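Notes to accompany the following structure.
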Amino acid sequence: MWLINSMPSSMKALLCFTCVLIITSIMIWLLNPVIIPVLVSLVLYVCLLPLHDWLTNLGWRRDLSALAILLLIMFMLLVPGSLLLGAFNEQAILWQSKASTAGQSLNQLLEVISNQLAQWQFHMEVEQLKANILSSFTSGEGGLLSSLSNVIMSVSSSLLLVPFITFFLLRDFESLRNKMLDALPNKHYELGWLIYFKVANQTQGYVRAVLIQQSILALVASIGFWIAGFESPVILGLIAGVLGLIPYVGPALGLIPPFYLVLANQPVNYDAMYAAVLVIGMAYLIDNLLVIPLIVARFANLHPLVALLSIIIFGNFFGILGMMAAIPSLAIANIVYSQFLLSFNPKKFHALIA
Amino acid sequence: MTHSPFWQNLFRPPHKQKQHICDLWLATPIFKGISRRQCKSLVAEMAVRRYQYDEAIFNQGDVGIGTALIIKGSVQICSGNKVLATMEEGDFFGEIALVIEAPRTATAIAHSDVEMVFFLRPQLESLLSQAPRQGAKIMQNLARVMANRLGSSNALLEAMHADD
Numbered sequence: 067m068w069l070i071n072s073m074p075s076s077m078k079a080l081l082c083f084t085c086v087l088i089i090t091s092i093m094i095w096l097l098n099p100v101i102i103p104v105l106v107s108l109v110l111y112v113c114l115l116p117l118h119d120w121l122t123n124l125g126w127r128r129d130l131s132a133l134a135i136l137l138l139i140m141f142m143l144l145v146p147g148s149l150l151l152g153a154f155n156e157q158a159i160l161w162q163s164k165a166s167t168a169g170q171s172l173n174q175l176l177e178v179i180s181n182q183l184a185q186w187q188f189h190m191e192v193e194q195l196k197a198n199i200l201s202s203f204t205s206g207e208g209g210l211l212s213s214l215s216n217v218i219m220s221v222s223s224s225l226l227l228v229p230f231i232t233f234f235l236l237r238d239f240e241s242l243r244n245k246m247l248d249a250l251p252n253k254h255y256e257l258g259w260l261i262y263f264k265v266a267n268q269t270q271g272y273v274r275a276v277l278i279q280q281s282i283l284a285l286v287a288s289i290g291f292w293i294a295g296f297e298s299p300v301i302l303g304l305i306a307g308v309l310g311l312i313p314y315v316g317p318a319l320g321l322i323p324p325f326y327l328v329l330a331n332q333p334v335n336y337d338a339m340y341a342a343v344l345v346i347g348m349a350y351l352i353d354n355l356l357v358i359p360l361i362v363a364r365f366a367n368l369h370p371l372v373a374l375l376s377i378i379i380f381g382n383f384f385g386i387l388g389m390m391a392a393i394p395s396l397a398i399a400n401i402v403y404s405q406f407l408l409s410f411n412p413k414k415f416h417a418l419i420a
Numbered sequence: 136m137t138h139s140p141f142w143q144n145l146f147r148p149p150h151k152q153k154q155h156i157c158d159l160w161l162a163t164p165i166f167k168g169i170s171r172r173q174c175k176s177l178v179a180e181m182a183v184r185r186y187q188y189d190e191a192i193f194n195q196g197d198v199g200i201g202t203a204l205i206i207k208g209s210v211q212i213c214s215g216n217k218v219l220a221t222m223e224e225g226d227f228f229g230e231i232a233l234v235i236e237a238p239r240t241a242t243a244i245a246h247s248d249v250e251m252v253f254f255l256r257p258q259l260e261s262l263l264s265q266a267p268r269q270g271a272k273i274m275q276n277l278a279r280v281m282a283n284r285l286g287s288s289n290a291l292l293e294a295m296h297a298d299d
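Line by line, the protein sequences are chains Y and P. So for the first sequence, this note's numbering puts the first residue at 67; every next one is plus one. So for the second sequence, this note's numbering puts the first residue at 136; every next one is plus one.
As structure tokens, then:
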């Protein structure tokens, strides 16, 4: 205790932050088998909370309101959602079967590019590059198609669990939260609530705004792909919307499925590639000009390099889900650490308020 | 060890004092004009905290997030070594933190074994968005309370200057 008291405030904050980090990591590790349904349920909880509050304010009982919302989820989201996921999986299997055709087309395309580069005294190992691209796209565990397909299949297989977790979150989350925060020692009671509310406010705002943003992105991209004459424009638009959840690298990843589709169909229509770039470019232009400055920048307040590195590191450890969760996780860590720092350093707090 | 406030807060028996807490809040100027139903739903989210004699409830400069109502016992409000006020059952303090995120302006210390509840700023914010009329009423009451306290402080300062 004497050692902790004699520590500088930044060290105390770091120590508390490390404790929180360890507890969170243990909780994530424990929840690992059900992490996807829990995350989807939390997102649904955040989206449906205003409706739940509205119903309870009208005088509905909490469990009745949660039950009504559970039924609403089942009929409004699950039925069309399951149909859409089934269609996507069929499409993913079809795309995987066209891998050899896409490989041949890619070979031809790379030969053309290689010849063009050779004229400018640049040399490219076509075979190796082709092998790398195709393996990263289609091969077993690490392939993009199988990885996306795995995420979609995990989500769809856990769809049955999601409404029930959401129901219990809507009904009992607040009382559970209160019980957990009430267990804090008196000295840290107010600080605990303050950190919780800051994190909850920011995260709820971020989740709602990002869902709206990605829906707009998916809609614009779907319309664009439909106009450009692509097959399955809705699925391509949805993939662009989902991959758009990954900041910075999302647009590039969103281009891969339409490119692949162009290469997988003979004869290859290279103009469609330009069209795909145009569609994704326009969708992201609208997204970047209208939505991102209002959401990501305000929420995260992170240096682009830090954000980019965090996406790569989280992606390396946790795959596509990790890439999506990188920015919000880092922003939450930033809030928690800053709040610890302020609470252990009242002078800084006074200066900040002044 | 079982008398430690930490264990009492963790394993306290289900208390049957929500009605009493509701009555105490409704008697304060902050909750003047607020319906009993609304008060009950706010009190349902408040947890009773227990403090031992001489335990600091908060220190000057600490992060504050809400106002505290004393249910049992007494609390001394101090600045440095000087005791500014002694609060008893039914009194509330720390209301500035309900309005702005500012450091606590004084230290509150339990003068006996104390039971109290906190009304937190996020609760007020959520009330403002869910029941704006009731939330606005509380904000108006808070403004009155703080204006009165500012008036008292000014009178005290004037008296001090007059003594000089």
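Note that CB positions come from ideal geometry on N, CA and C, so glycine has one too. Computed from a predicted structure; not experimentally measured.
- Where LEU255(P) is concerned, the enclosing beta strand (DSSP E) starts and stops at 249-255.
- Residues are counted here when their Cβ sits less than 7 angstroms from a Cβ of chain Y; for the stretch 209-241 of chain P these are ALA237 and PRO238, given in chain order.
- In the DSSP annotation of this structure, ARG279(P) is not part of any beta strand (DSSP E); the continuous alpha helix (DSSP H) holding it starts and ends at 267-298.
- LEU311(Y) places its beta carbon 8 angstroms or farther from that of LEU114(Y).
- Excluding residues up to 5 positions away in sequence, TYR326, LEU329 and ALA330 lie with their Cβ nearer than 7 angstroms to the Cβ of ALA168(Y) in the same chain.
- GLN195(P) sits in coil when the DSSP states are folded into three classes, being neither helix nor strand.
- Contact of ALA266(P) with chain Y is assigned, a C-beta pair being separated by under 8 angstroms.
- Annotation: ILE205(P) has no Cβ neighbours in chain Y at a cutoff of 9 angstroms; minimum Cβ distance is about 14 angstroms.
- Remark: C-beta atoms of PRO238(P) and GLY201(P) do not approach each other more closely than 8 angstroms.
- Taking a 10 Å sphere around the C-beta of SER281(Y), we find fewer than 16 other C-beta atoms and assign the residue as exposed.
- Judged by their CB atoms, MET251(P) and ALA191(P) are not nearer to each other than the 8 angstroms cut-off.
- Looking only at MET274(P), MET222(P), GLY286(P) and ASP158(P), the smallest Cα-Cα distance to ALA245(P) is reached by MET222(P).
- Closer than 7 angstroms at the C-beta level to chain P, one finds these residues of the stretch 105-123 of chain Y: ASP119 and ASN123.
- The C-beta distance from ILE273(P) to LEU262(P) rounds to 7 angstroms, short enough to meet the 8 angstroms contact threshold.
- Between PHE193(P) and ILE212(P), the C-beta spacing is not below 8 angstroms.
- Annotated three-state conformation of ALA266(Y) is helix, per DSSP.
- Shown here for PHE410(Y): same chain residues with a beta carbon closer than 6 angstroms to its own, the five before and five after excluded, namely SER75, LYS78 and ALA79 in chain order.
- Out of LYS264(Y), PRO323(Y) and LEU396(Y), the CA that lies nearest to the CA of LEU160(Y) is found in PRO323(Y).
- Shown here, PHE296(Y) sits in coil according to DSSP, grouped into three states, outside any helix or strand.
- Note on LEU233(P): 16 or more other CB atoms within 10 angstroms of its CB, so buried under the neighbour-count rule.
- In the DSSP assignment, VAL183(P) falls within the beta strand (DSSP E) that extends over 183-186.
- Nearest CB-CB separation between GLY199(P) and chain Y: below the 8 angstroms threshold.
- DSSP places THR221(P) in the uninterrupted beta strand (DSSP E) bounded by 217-222.
- Listed in chain order, the positions of the stretch 245-270 of chain P with a beta carbon within less than 9 angstroms of a beta carbon of chain Y are PHE253, LEU255, ARG256, PRO257, GLU260, SER261, SER264, GLN265 and ALA266.
- Neighbours of TYR188(P) in chain Y, taken as residues whose beta carbon is under 7 angstroms from its own, are absent, since the nearest beta carbon is some 13 angstroms off.
- Taking the CA atoms as reference points, VAL402(Y) sits about 56 angstroms from GLN185(Y).
- Residue burial is scored here from C-beta neighbours: ASP353(Y) has at least 16 other C-beta atoms within 10 angstroms and is therefore classed as buried.
- At least one CB atom of chain Y sits nearer than 8 angstroms to the CB of PHE193(P).
- For PHE263(Y), the C-beta contacts it makes with chain P under 7 angstroms involve PRO257, in order along the chain.
- Of the residues ALA266(P), TYR188(P), CYS157(P) and MET295(P), the one whose Cα lies closest to the Cα of ASP248(P) is TYR188(P).
- Interface with chain P (8 angstroms Cβ-Cβ cutoff): LEU257(Y) is included.
- Per the DSSP secondary-structure output, VAL210(P) pairs in a beta bridge with MET222(P) and ALA245(P).
- One Cα belongs to GLU256(Y), the other to GLU236(P), and the distance between them is close to 12 angstroms.
- LEU219(P) is the residue among LEU219(P), ASP158(P) and ILE165(P) whose C-alpha sits nearest the C-alpha of THR242(P).
- Annotation for THR232(Y): the continuous alpha helix (DSSP H) segment containing it runs 227-248.
- Between PHE154(Y) and ILE289(Y), the gap from beta carbon to beta carbon reaches 8 angstroms or more.
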